[in-house]
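Here's the structure we're looking at; comments come further down.
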Amino acid sequence: MKNHPRFILIMIPKDKAIKLIKIYCYVCEQYDKEIKYICQRFSNNDQPKFTDQEAMSIYLYVMQVEEHHKVKKIHEFASEHLREWFPKLTSYVAFNTRINRLNEGFKALTLSLFNDFVPNDCDKEISLVDSMPIIICSGKRNSKVAQEITDKGFCSTKGIYYYGLKLHAISFRRKGHLPHPEQMLFTEASKHDLCMLKEASQDMYNRTIVADKAYSNAEFWSEKKKTNNLSILTPVKAIKGQTEWEKQQNKAWADLYSSAVSTVRQPIESLFNWLNEKTKIQIASKVRSTSGLLTFICGRIAAAFINLIF
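Using the working numbering, the letters of the sequence shown map in sequence onto residues 8 to 317.
Okay, here's the thing in structure tokens:
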């Protein structure tokens with residue numbers, strides 16, 4: 008890249024060129040630190056001319072900066088505008104295959120972004136929790152893609168059955184800003200949100216979790232208060248068997264409390280909306296393999312949050 012600086016800057020604007028350099032440098036740093044051990048090849052082609060670092064950088068740059076979300080469009084843009092940066096760029100088929108094999112690399116990169124760029128205004132004593140569906144196809148059809156990690160679930164927000172995954176976020180609250188993810192996990196679509204949080208909460212201590220009604224379980228959180236000093240705030244959940252008189256007696260208090268909790272947790276819904284707008288992560292109908300689905304999720308999350316380095 009050092010041999011053609013003037014020509015390169017003609018191909019893409021200077022501000023975008025700087026972003027590409029920053030992305031490439033960060034990817035190389037993380038690759039040498041951790042990713043190479045995850046994606047290491049045990050073959051004669053263990054040092055390809057077109058490197059994993061280059062493939063990941065192209066994917067992240069074109070999706071984040073140029074806003075192309077399909078791998079074919081990403082390759083076309085790189086072939087037309089970034090050929091001087093990456094002269095060994097492979098064919099589309101080889102590029103797509105390489106990207107799909109790097110799903111664990113994108114996952115590791117995402118975790119590094121979350122840990123390396125924690126904003127100073129994060130409230131680490133308050134966590135916001137929610138989930139979002141990753142839809143492969145509607146529930147009316149039988150999905151044959153990534154059956155070992157996907158199944159049929161119901162999305163109450165959209166009121167639909169679907170085949171796919173759930174993307175869960177546990178995020179630090181930032182007053183007046185989108186929350187910063189501490190963890191992003193995915194599970195089968197049918198897995199209950201509370202089951203995910205029960206597992207994740209094993210390593211969480213001394214904080215308040217703000218979530219929706221699906222995470223409510225008085226007995227479990229009472230025990231967690233004793234062992235991990237964890238407490239949870241959710242909107243008031245109707246008690247089975249409660250009379251209408253009892254409901255009306257506490258209605259004013261319940262409505263105010265639920266409204267306050269919903270106001271605090273609303274930014275995590277905005278986080279998911281922002282993530283979907285940036286990467287179109289919610290609809291995975293074009294995915295055709297398990298590795299492709301994992302790259303689809305992890306790569307898009309990494310592409311959305313790579314702007315933390317700018």
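Glycine included, every Cβ here is placed at the ideal spot set by N, Cα and C.
Rounded to a whole number of angstroms, what is the C-alpha to C-alpha distance between residue i and residue j?
i: Glu-36; j: Tyr-222; result: 38 Å
i: Ala-309; j: Pro-126; result: 17 Å
i: Ser-134; j: Gly-166; result: 26 Å
i: Ile-142; j: Val-294; result: 10 Å
i: Ile-304; j: Phe-84; result: 21 Å
i: Asp-137; j: Leu-240; result: 13 Å
i: Ala-311; j: Asn-257; result: 43 Å
i: Tyr-31; j: Ile-313; result: 11 Å
Could you pull the start and end residues of the alpha helix (DSSP H) that residue i belongs to?
i: Ser-266; result: 258-286
i: Leu-300; result: 297-312
i: Ile-28; result: 21-37
i: Lys-79; result: 78-88
i: Met-18; result: 12-18
i: Val-217; result: It is not in any alpha helix (DSSP H) - Val-217 instead sits in the beta strand (DSSP E) that spans 214-217.
i: Ser-229; result: 225-234
i: Ala-121; result: As written in the sequence, residue 121 is Phe, which differs from the Ala given in the question. It spans 110-123 - the alpha helix (DSSP H) in which Phe-121 sits, taken as one unbroken run.
Let me know if residue i comes out buried or exposed under the rule of 16 or more other beta-carbons within 10 Å of its beta-carbon.
i: Phe-102; result: buried
i: Ala-267; result: exposed
i: Ala-218; result: buried
i: His-11; result: Confidence at His-11 is low in this model, with a pLDDT of 45, below 50, so the placement of that residue should be treated as unreliable; the coordinate-derived value is given next. By the neighbour-count rule (16 or more Cβ atoms within 10 Å), His-11 is not buried but exposed.
i: Thr-270; result: exposed
i: Val-100; result: exposed
i: Asn-110; result: buried
i: Gln-3; result: With the chain represented from 8 up to 317, any question about residue 3 goes unanswered, as that position is not in the structure.
i: Ser-229; result: exposed
i: Gln-289; result: buried
i: Lys-79; result: exposed
i: His-187; result: buried
Over what stretch of residues does the beta strand (DSSP E) that includes residue i continue unbroken?
i: Phe-193; result: 187-195
i: Val-69; result: Taken as a continuous stretch (DSSP letters only), Val-69 belongs to no beta strand (DSSP E), being part of the alpha helix (DSSP H) at 59-71.
i: Ala-176; result: 167-180
i: Arg-148; result: It is not in any beta strand (DSSP E) - Arg-148 carries neither H nor E in the DSSP assignment.
i: Ile-239; result: 237-240
i: Lys-159; result: 158-162
Cβ of residue i less than 8 Å from any chain D Cβ?
i: Asp-158; result: The chain inventory of the structure shown lacks chain D, comprising one protein chain alone.
Three or more C-beta pairs below 8 Å linking the segment 56-67 and the segment 91-101: yes
Is the segment 143-150 in contact with the segment 107-124, if contact means three or more CB pairs nearer than 8 Å? no
Touching or not, the segment 189-206 and the segment 157-174, by the rule of three or more beta carbon pairs under 8 Å? yes
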